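Asker:
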Amino acid sequence: MTDTPTILVLAGKRDGALDPLAERAGVSHKAVIPVAGKPLISHVLERLEEAWMDARIIISIHDPTVLDHVTAVRRLRDAGRLELAEAKDGLVESVASAAENASWPLLITTGDNALTTVEALHTINTIGDEKSVDAVIGVASTEAIQAAYPYQKKGGYEFRDVTISNCNLFWLRNSDALASAEPFRRGGQFAKRKGELRRAFGLWNLIRFRLKLDTLDKAMRRLSRRVGVPVAAHLFADGRLAIDVDNLESLEATESLMAADRES
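Numbering (the working numbering), first residue to last: 167 to 430.
(1) Provide the residue(s) that pair with residue 226 in DSSP beta bridges, ordered along the chain.
(2) When you compare the CB positions of residue 317 and residue 419, do they come within less than 8 Å of one another, or not?
(3) What separation, rounded to the nearest whole angstrom, lies between the Cα atoms of residue 411 and residue 175?
(4) On the criterion of 16 or more Cβ atoms from any shown chain inside 10 Å, does residue 277 qualify as buried, or is it exposed?
(5) Using only the alpha-carbon positions, how far apart do residue 425 and residue 213 sit?
(6) Would you identify the three-state DSSP class for residue 464, choosing helix, strand or coil?
(7) Alpha carbons only, please: which of 197, 245 and 235 is nearest the one belonging to residue 227?
(8) I believe residue 291 touches residue 273 by the beta-carbon criterion, under 8 Å. Please report the beta-carbon distance rounded to the nearest angstrom.
(9) Can you tell me where the alpha helix (DSSP H) with residue 288 in it begins and where it stops?
(10) Kindly indicate which three-state DSSP category residue 204 falls into: helix, strand or coil?
(11) So what does DSSP say about residue 195, is it helix, strand or coil?
(12) With distances taken Cα to Cα, identify the nearest neighbour of residue 287 among 334, 206, 310 and 244.
(13) One question on the structure: do residue 343 and residue 301 come within less than 8 Å of each other, judged by their Cβ atoms?
(14) With distances taken between CB atoms, is the gap from residue 332 to residue 304 smaller than 8 Å?
(15) Roughly how many angstroms separate the alpha carbons of residue 267 and residue 232, rounded to a whole number?
(16) Exposed or buried, what is residue 171 when buried is set at 16 or more other beta-carbons lying within 10 Å of its beta-carbon?
(17) In angstroms with no decimal places, state the Cα-to-Cα distance between residue 308 and residue 188.
(18) According to DSSP, is residue 188 helix, strand or coil?
(19) What is the DSSP secondary structure of residue 263, reduced to helix, strand or coil?
Structure below.
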């Protein structure tokens, strides 16, 4: 039986900058913008509560005081299940800092992952043992995303067999698996930062990626050799999992899907 994970919720500011959605809502952090009548991060925390009654939750955020009014945060803190960690300047640094006081395995998600599900959380926590790897990245195909909602998520990654987007769900077996986060040290914004793919994955791997020479599984084996720990991608069938609240379009998509759930 897979151990109950420690859960790390990344809710800091990317590059320390004010997110456009946060600015539009008049708040300092995207994690507390209103989504379907609640602070965004509340939707994530409620799914985590459903998934595990005893899992410890760490929220990494630049200013923990912005969560003082969030009911789910207060409830989990009063239950002794939640603690707040100050986010660092970079993504990898934030994960490493929070992981210093975590038990393993570590399940990582984000404060804008409002459409995550209990099933997805349980799956990502078991797939590492099933595949005998130390790190798992949750992804969904472009076709699955389009089937879930007619929304074109930006920044998809094309492989020989599938085009994917990440689901902001990651699983690490132990502290050694932190090495798998190294390519994402600058936030993983490969589509927006010229040269970032080459720096993160190496020239030869970049060439193979550009030419679509590798399947997703083969690319994960190459990534495993580069970072020194076995890494696998899990392809979720539910395309909703790849729709995080990242811009106005995805915010509208998220609220529309939530409304449909309430009506069903």
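Backbone N, C-alpha and C fix where the C-beta goes; we use that ideal spot for every residue, glycine too. Treat the numbers as computed from the prediction; the structure is a model and nothing was measured.
Answerer: The structure says:
(1) 176 and 251
(2) yes
(3) 14 Å
(4) buried
(5) 17 Å
(6) Past the edges of the chain, shown from 167 to 430, lies residue 464, and the structure says nothing about it.
(7) 197
(8) 6 Å
(9) 284-297
(10) strand
(11) coil
(12) 334
(13) yes
(14) yes
(15) 22 Å
(16) buried
(17) 27 Å
(18) helix
(19) helix
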